[in-house]
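K.L.:
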Amino acid sequence: MKKILLKDPYYSPTNADTVLSRYLQYHDFVEMHLDSVFKYGESSALPKELFRCPNLKALSLKYNFLEQLPPDIGKLQKLEYLALTNNKLQNSSIPYTLSFCSSLKVLLLDNNLLDALPGFLLLIPSLNTVHRHGNHNYFKATFMWYHTDVNERILAVPGSSPCVSGLPSLKLLCATAIIGAKMNFFASTIVPPTLADYICGIYFDFNVCYKCRSANWKSKPGYKVYTFKNPYLGNTCVPFQHWACSLQCAEDIEIPARAEQLLSAMEQDRQYYRHVKEAQDSTLYHNKGPFEHIACCIL
3 MKKILLKDPY
13 YSPTNADTVL
23 SRYLQYHDFV
33 EMHLDSVFKY
43 GESSALPKEL
53 FRCPNLKALS
63 LKYNFLEQLP
73 PDIGKLQKLE
83 YLALTNNKLQ
93 NSSIPYTLSF
103 CSSLKVLLLD
113 NNLLDALPGF
123 LLLIPSLNTV
133 HRHGNHNYFK
143 ATFMWYHTDV
153 NERILAVPGS
163 SPCVSGLPSL
173 KLLCATAIIG
183 AKMNFFASTI
193 VPPTLADYIC
203 GIYFDFNVCY
213 KCRSANWKSK
223 PGYKVYTFKN
233 PYLGNTCVPF
243 QHWACSLQCA
253 EDIEIPARAE
263 QLLSAMEQDR
273 QYYRHVKEAQ
283 DSTLYHNKGP
293 FEHIACCIL
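Numbering (this note's numbering), first residue to last: 3 to 301.
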């Protein structure tokens with residue numbers, strides 16, 4: 003604290019200030035390795051101050067029993083490496099705001115509770131490495147839905163009894179619209195920081211439609227949609243899970259994705275058969291006798 007005051011004599015703490023936030027801001031970390039911080043049975047909520055390091059490039063959170071990745075992860079615009087190995091993350095507990103990390107190159111999701119990769123990872127073009135093995139039901143989902151038709155890849159999710167409440171506030175309506183629009187509200191100049199923090203606080207109360215600009219309470223019914231990217235980052239048959247607010251949105255996600263998958267599979271088959279033929283031709287050529295290679299024309 004003394005160092006901060008010496009650096010800025012006009013410094014005065016705000017309500018959002020904590021010892022941790024001041025410490026992180028002062029040292030301006032580029033890497034954080036916070037593996038095995040939480041023990042089994044402990045609360046594994048990450049402090050929001052961790053996501054107020056604008057120059058952070060590498061963040062490791064392995065072996066922490068994390069059940070949610072805070073939406074604040076989207077603040078880390080320079081993040082290139084994120085390790086979430088050996089946690090308890092599901093598809094619904096990884097927020098869409100991760101796609102705001104436009105510099106992300108390496109994402110480790112192995113040994114969690116995923117049955118597919120979050121669909122929005124396809125919207126992060128900088129990603130070149132994703133570890134996904136060792137996840138609960140991951141391969142089961144892969145083989146179950148890869149050869150099924152469209153209807154079986156779209157799973158209806160029933161709603162639950164909503165809480166009875168009055169009319170929503172303008173603040174809530176605004177936050178809902180921003181969540182549904184999938185806009186980067188951390189980088190937007192029209193979204194005040196207080197509203198961004200409010201959105202983070204209610205983010206996991208909503209399901210965000212992958213296709214349209216809709217965000218609905220989790221108590222409302224919807225659809226899980228499974229698609230496959232073939233290939234994806236050098237791998238074949240990689241499953242992705244998307245959320246859709248309606249059957250129409252679900253079909254608008256699945257049908258084009260399936261067509262792309264089939265075309266890709268046909269192209270891979272062509273490349274495979276071409277490779278086999280070239281290998282066979284090469285073998286026949288090398289097995290010929292010394293005089294069989296000489297072309298002869300008798301006039």
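All residues carry an ideal CB built from backbone N, CA and C; glycine is no exception. Since the structure is predicted, the reported quantities are computational estimates derived from the model, not experimental observations.
Quick check on DSSP: helix, strand or coil for P241?
P.N.:
Stepping through the sequence shown from its first residue, residue 241 is reached at position 239. The answer is strand: DSSP assigns P241 an E or B state.
K.L.:
Rounded to whole angstroms, what is the Cα-Cα separation between F206 and T99?
P.N.:
Counting from one through the sequence shown, the residue named residue 206 turns up at place 204. Counting from one through the sequence shown, the residue named residue 99 turns up at place 97. Rounded to whole angstroms, F206 to T99 spans 11 Å at the Cα level.
K.L.:
Could you check where the beta strand (DSSP E) with L84 kicks off and where it finishes?
P.N.:
Translated into the one-based positions of the sequence shown, residue 84 becomes position 82. Element bounds for L84: 83 to 85.
K.L.:
Assuming A217 and G182 form a contact by the criterion Cβ under 8 Å, report the distance between their Cβ atoms to the nearest whole angstrom.
P.N.:
Start at 1 with the first residue of the sequence shown, and residue 217 comes out as number 215. Start at 1 with the first residue of the sequence shown, and residue 182 comes out as number 180. That belief holds up - the Cβ atoms of A217 and G182 are roughly 4 Å apart, short of 8 Å.
K.L.:
Is it the case that the Cβ atoms of S221 and G161 are separated by a distance below 7 Å?
P.N.:
Against the sequence shown, residue 221 aligns to sequence position 219. Against the sequence shown, residue 161 aligns to sequence position 159. Yes, the Cβ-Cβ distance between S221 and G161 is below 7 Å.
K.L.:
Using a threshold of 7 Å, state whether the C-beta atoms of D112 and H138 are closer than that.
P.N.:
Counting from 1 along the sequence shown, the entry for residue 112 is found at position 110. Counting from 1 along the sequence shown, the entry for residue 138 is found at position 136. Not a contact, by the Cβ cut-off of 7 Å.
K.L.:
Check whether the stretch 225 to 240 touches the stretch 180 to 199, counting contact only when three or more Cβ pairs, one atom from each stretch, lie closer than 8 Å.
P.N.:
no
K.L.:
Taking the continuous beta strand (DSSP E) assigned at S62, which residues delimit it?
P.N.:
By one-based count along the sequence shown, residue 62 stands at place 60. According to the DSSP assignment, S62 belongs to the beta strand (DSSP E) that extends over 60 to 62.
K.L.:
Return helix, strand or coil for V21, following the three-state DSSP convention.
P.N.:
Reading the sequence shown from its first residue, position 19 is the one you call residue 21. Per DSSP, reduced to three states, the secondary structure at V21 is helical.
K.L.:
Just to confirm before moving on: does the CB-CB distance between N93 and L116 stay below 7 Å?
P.N.:
On the sequence shown, position 91 is the one that residue 93 refers to. On the sequence shown, position 114 is the one that residue 116 refers to. Going by C-beta atoms, N93 is nearer than 7 Å to L116.
K.L.:
May I ask which residues mark the beginning and end of the beta strand (DSSP E) holding L129?
P.N.:
The residue you call residue 129 lines up with position 127 of the sequence shown. Here L129 belongs to no beta strand (DSSP E), and DSSP marks it neither H nor E.
K.L.:
Pull the bridge partners of I180 from the DSSP assignment, please.
P.N.:
Counted from its first residue, the sequence shown places residue 180 at position 178. The partner list for I180 (beta bridge, DSSP) is empty, contrary to what the question assumes.
K.L.:
Name the two residues that bound the continuous beta strand (DSSP E) containing G224.
P.N.:
The count along the sequence shown starts at 1 and reaches residue 224 at position 222. For G224, the uninterrupted beta strand (DSSP E) run begins and ends at 224 to 231, by DSSP.
K.L.:
For V210, write down the residues that DSSP places opposite it in a beta bridge.
P.N.:
Numbered from its first residue, the sequence shown carries residue 210 at position 208. Partner(s): A217.
K.L.:
Please state the DSSP three-state secondary structure of A302.
P.N.:
A query on residue 302 cannot be resolved here, the shown segment of the chain reaching from 3 to 301 and no further.
K.L.:
State the start and end residues of the unbroken alpha helix (DSSP H) segment that holds A1.
P.N.:
No answer is possible for residue 1: it lies beyond the span of the chain, which begins at 3 and ends at 301.
K.L.:
Please state the DSSP three-state secondary structure of L119.
P.N.:
Numbered from 1 along the sequence shown, position 117 holds the residue referred to as residue 119. Strand, per DSSP.
K.L.:
Taking the Cβ atom as the reference point for each residue, do K59 and K90 lie within a distance shorter than 7 Å?
P.N.:
For the purposes of this step, residue 59 is taken as residue 57 along the sequence shown, with counting starting at 1. For the purposes of this step, residue 90 is taken as residue 88 along the sequence shown, with counting starting at 1. Not closer than 7 Å, so no.
K.L.:
Grouping DSSP H, G and I as helix and E and B as strand, with all else coil, what is H138?
P.N.:
Sequence index remark: in the sequence shown, residue 138 carries index 136 (1-based). Reduced to three states, the DSSP call for H138 is coil.
K.L.:
When you compare each of C251, Y28, H35 to A85 by their alpha carbons, which one comes out closest?
P.N.:
Taking the sequence shown and counting its residues from 1, the one referred to as residue 85 is at position 83. Of C251, Y28, H35, the residue nearest in Cα terms is H35.
K.L.:
Identify, in the order they occur along the chain, each residue of the same chain with its Cβ nearer than 6 Å to the Cβ of L125, setting aside the five sequence neighbours on each side.
P.N.:
Here the question's residue 125 lines up with position 123 in the sequence shown. If we look at L125 and ignore the five residues flanking it on each side, its Cβ neighbours are S101.
K.L.:
From the DSSP output, in three-state form, read off D10 for me.
P.N.:
Translated into positions along the sequence shown, residue 10 becomes position 8. Residue placement at D10 is poorly supported in this model, since its pLDDT is 42, which falls under 50; the coordinates still yield a value, given next. D10: coil per DSSP, three-state reduction.
K.L.:
Here's the rule I'm using: 16 or more other beta-carbon atoms within 10 Å means buried, otherwise exposed. How should Q243 be labelled?
P.N.:
Translated into positions along the sequence shown, residue 243 becomes position 241. Burial call: buried.
K.L.:
Under the three-state reduction of DSSP, which class applies to A189: helix, strand or coil?
P.N.:
As a working note, residue 189 is residue 187 in the sequence shown. The DSSP-derived three-state label of A189 is coil.
K.L.:
Just the Cα atoms here: how many angstroms apart are K64 and S46?
P.N.:
Working through the sequence shown from its first residue, we reach residue 64 at position 62. Working through the sequence shown from its first residue, we reach residue 46 at position 44. Spanning the two alpha carbons is a distance of roughly 12 Å.
K.L.:
Around the C-beta of P56, are 16 or more other C-beta atoms found within 10 angstroms, so that it is buried, or is it exposed?
P.N.:
Mapped onto the sequence shown, residue 56 falls at position 54. P56 should be labelled exposed.
K.L.:
Whole angstroms is fine: what's the gap from G76's alpha carbon to Y200's?
P.N.:
Within the sequence shown, residue 76 is the residue found at index 74, counting from 1. Within the sequence shown, residue 200 is the residue found at index 198, counting from 1. Those two C-alpha atoms are separated by around 14 Å.
K.L.:
Within 10 angstroms of the Cβ of G121, are there 16 or more other Cβ atoms? Answer buried if so, exposed if not.
P.N.:
Taking the sequence shown and counting its residues from 1, one reaches residue 121 at position 119. Under this definition G121 is a buried residue.
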